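Terminal number for the sequence shown in my numbering: 147, no gaps in between.
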Amino acid sequence: MSGDVRQLILSNGQELLCEVMQWPDLDVDDSEVMIIRKAAKIIIQENFKEGTRWFTFRPFMTYQDDNSSLCSLMPYHIMSIGHPSDLLKNQYTKYSRMMAAELAEKIQDTNDPFSQYMETSEDLGLDSDSSFDNILPFKIDPNKLN
């Protein structure tokens, strides 16, 4: 890990692990933000009947699963900052590696994550040489609101 790994508890109760890339200097500018990366929410789940508890990681922000993605965090939303235990830091390192490998696999498969949803002429039941004789042209006047 190249950054300063910290465990944060936010004012909304979310707990996260991240690498702090830049600490805010609130003495100079009180609107300065904390720059973080590899931010992962800690999800706590419990089974009260069996008396068990387990933890999982999820990306802190949707589609921010790339390890190089930077994120800004307002320091006034942080309730507590701590150093994670060695066990938690090791699990976080494994999670970061897994996310990097998963992202690399996705990039190899396709450049566009929505390519599987694109419709082709075969999907629409059209021949590749079929013409669109039944389509009427529609002229739009740019000076009018349609």
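Ideal placement from N, C-alpha and C gives every residue a C-beta, glycine not left out.
In this text, all values refer to a predicted model and were calculated from it rather than measured experimentally.
(message) Taking a contact to mean a Cβ-Cβ separation below 8 Å, would you say Met35 touches Pro76 in this structure?
(response) yes
(message) Just to confirm my understanding: we take Asp5, look at its own chain, exclude 5 residues before and 5 after, and list those with CB closer than 6 Å. What are they?
(response) Hits under 6 Å: Val21.
(request) Give every residue of the same chain whose Cβ lies closer than 6 Å to the Cβ of Gly199, excluding the five residues on either side of it in the sequence, and list them in chain order. (result) Given that the chain is displayed from residue 2 to residue 147, the structure contains no residue 199 and the question cannot be resolved.
(message) Just to check my reading of the structure: Met80 and Ile141 have Cβ atoms closer than 8 Å, yes? What is that Cβ distance to the nearest angstrom?
(response) Met80 to Ile141, Cβ: 54 Å. No contact.
(request) With a threshold of 16 other CB atoms inside 10 Å of the CB of Ala105, please say whether the residue is buried or exposed. (result) Within a 10 Å sphere around the beta-carbon of Ala105 sit fewer than 16 other beta-carbons, which makes this residue exposed.
(request) Could you tell me if Met2 is buried or exposed, where buried requires 16 or more neighbouring beta carbons within 10 angstroms of its beta carbon? (result) With a pLDDT of 46 at Met2, under the threshold of 50, the predicted position of this residue should be treated as unreliable, and no value is reported.
(request) Alpha carbon to alpha carbon, how far is Lys107 from Ser12? Give it in angstroms, no decimals. (result) 34 Å
(request) Go to Met35, then tell me how far its beta strand (DSSP E) extends in each direction, as first and last residue. (result) 35-48
(request) Kindly indicate which residue of Gln23, Asp31, Ile43 has the alpha-carbon position closest to the one of Glu16. (result) Ile43
(message) For a quick check, are the C-beta atoms of Met62 and Ala41 less than 8 Å apart?
(response) no
(request) Could you tell me which residues DSSP puts in a beta bridge with Val6? (result) Beta-bridge pairing links Val6 to Glu20.
(message) Here's the rule: buried if 16 or more other CB atoms are within 10 angstroms of the residue's CB, otherwise exposed. What is Pro143?
(response) With a 10 Å radius around the Cβ and a threshold of 16 neighbouring Cβ atoms, Pro143 comes out exposed.
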